[in-house]
Amino acid sequence: MLLSIQISYGIISILSVLGNTLVMLVFLNQRNRFNKSYNIMIFGLAVTDCMAGIVMFISPKFVFDPPLFEPTNIPGLIAYCHMLWIRMIVFLLGFASTYICLLLAFDRWVAVVRPTRYKQVFTVRKTIVGVFLSYVIALGLVWIAHPGSKYAPGNPAGKRCIILRAEQDFLAHVRGVLGFLLKSALPFFVITCLYAHLVYKLRKSPNLGSEQHSAITRRVTRVAALATTLLIISWSPSQVSFFLSSIGYGNIRSALHLGLSVLAMLNFCLNPIIYALASKEFRKGYWEVFTKCRCLMGRRHRVAAREERAGTERSDVGFAEDDGGGLGDRRAAYEDNNV
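Numbering (the UniProt record's numbering), first residue to last: 1 to 339.
Set out below in structure tokens:
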């Protein structure tokens, strides 16, 4: 693997963990945000992208080649080959992000086009179930359409996992087409239609709802639309390339596909930046988290300095007592000699 590709994956994974952890801290710092369904989805996206950054960092052939670790026992090697080595977990999290964005697009569409039914359709409980189902759908997609692997414990380190090349028969082509449709083409098409109709309704009815409600709806919709647009831009090329390779018209080991994979993984670290640029509330939330972290660090430094000063004062007192005793002995000896 090219060193530049590995460095790119390393930067993306670190930024994904740091940025999305910051987003999660914003929500945990302001628990009342969880009363809104769209905030639950955004939090779910942050958790998903943060996990993707962690898995990307420890998975082989991303940042480290040879890998950081490779199990030698049979159960661990089976899990390692099926989940990490063929990147199943990373793509599972990516597809989960896709369907959470689809759910978020539907949330925004109902909020604008069917505002009277919004609170009935998107309750907190239904939203949590929807995010969970996004993971279930993603699991089904990677289980059906992702290439398989086998393990060879007798091989040397780094070669104990072997990818299974599917035969280019009719069934494989059908599975490739269905996988492409369900993993990217269909959800991206539905998302595009929902936002297109949503924008049409907003332009046709600029005074939709109360002024305050309309401003909040537009602001949240803008953030959601930006995040989803970047998801489509970053994931579509790699999915087209993977689809072509699955039907025998491409090579997933080519430099082009590797570059498109980096573009796809880049999406995991973009959302925190989008939130900062497009939302005043998120910028304020980021600042509050930074302020609290700085206060906690400052408090720890003050406590440490106070303990250090207390220890120094105790030491000074001990030295003073020792010195006082020594001076008294020397004075007594001097007086005895003079007498």
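Where a beta carbon is used, it is the ideal one built from N, C-alpha and C, also for glycine. Computed from a predicted structure; not experimentally measured.
Burial state of residue i, where buried means 16 or more other Cβ atoms lie within 10 Å
i, result
"W109", "buried"
"W287", "exposed"
"Q120", "exposed"
"A215", "exposed"
"A225", "buried"
"G324", "For G324, the pLDDT reaches just 49, beneath the cut-off of 50, and the residue's location in the model is therefore unreliable, although a value from the coordinates is still provided. Exposed, by the Cβ-count rule."
"T221", "buried"
"R50", "According to the sequence displayed, residue 50 carries Cys and not Arg. Answer is buried; the Cβ neighbour count reaches 16."
"S13", "buried"
"A227", "buried"
Residues of its chain near residue i, where Cβ-Cβ distance is below 7 angstroms and the 5 sequence neighbours each way are ignored
i, result
"S59", "L84, R87, V90"
"E211", "In this predicted model, E211 has a pLDDT of only 47, less than 50, meaning its place in the structure is not dependable enough to derive any value."
"I7", "none"
"Q239", "F180, K183, S184"
"E335", "Confidence is the limiting factor: at E335 the pLDDT is only 49, short of 50, which leaves the residue's position unreliable and the question unanswerable from this model."
"F64", "none"
CB contact flag (residue i, residue j, <8 angstroms)
i, j, result
"S97", "G53", "no"
"S26", "V262", "The identity of residue 26 in the sequence shown is Val, whereas the question assumes Ser. No; because the gap between Cβ atoms is not below 8 angstroms, this pair is not in contact."
"L266", "P237", "no"
"G176", "F243", "yes"
"L45", "I100", "yes"
"G19", "I273", "yes"
"S241", "L256", "yes"
"V223", "A276", "no"
"Q30", "G250", "no"
"R218", "L202", "yes"
"L92", "V142", "yes"
"residue 341", "P153", "Only positions 1 to 339 of the chain appear in this structure, which leaves residue 341 out of reach."
"I191", "I232", "yes"
Of the listed residues the options, nearest to residue i (C-alpha basis)
i, options, result
"Y9", "Y286, C269, P187, A227", "C269"
"C161", "A172, G148, H173, T21", "G148"
"Y151", "L22, W235, A79", "A79"
"I11", "F62, T48, R175", "F62"
"T229", "N251, N271, Y118, S246", "N271"
"T48", "M56, G94, L18", "G94"
"V113", "R219, S241, L194", "L194"
"G248", "K292, L3, W143, A172", "A172"
"P66", "K126, L2, F132, L296", "L2"
"A145", "K204, F188, L178", "L178"
Same chain only: Cβ atoms within 6 angstroms of residue i, ignoring 5 sequence neighbours per side
i, result
"L258", "I5"
"C81", "S149, Y151, C161"
Close Cβ partners of residue i (< 8 angstroms) along its chain, the five nearest in sequence each way excluded
i, result
"T116", "none"
"V339", "Confidence in V339 is poor, its pLDDT being 43 and thus under 50, which makes the residue's placement unreliable; the coordinate value appears in the next sentence. Closer than 8 angstroms at the Cβ level, and outside the excluded window around V339, lies no residue."
Segment contact flag, the region 34 to 42 with the region 98 to 106, C-beta cutoff 8 angstroms, min 3 pairs: They touch, by the three-pair rule.
Three or more C-beta pairs below 8 angstroms linking the region 167 to 183 and the region 130 to 150: yes
Three or more C-beta pairs below 8 angstroms linking the region 154 to 165 and the region 54 to 70: Between the region 154 to 165 and the region 54 to 70, the count of C-beta pairs closer than 8 angstroms reaches three or more; the two stretches touch.
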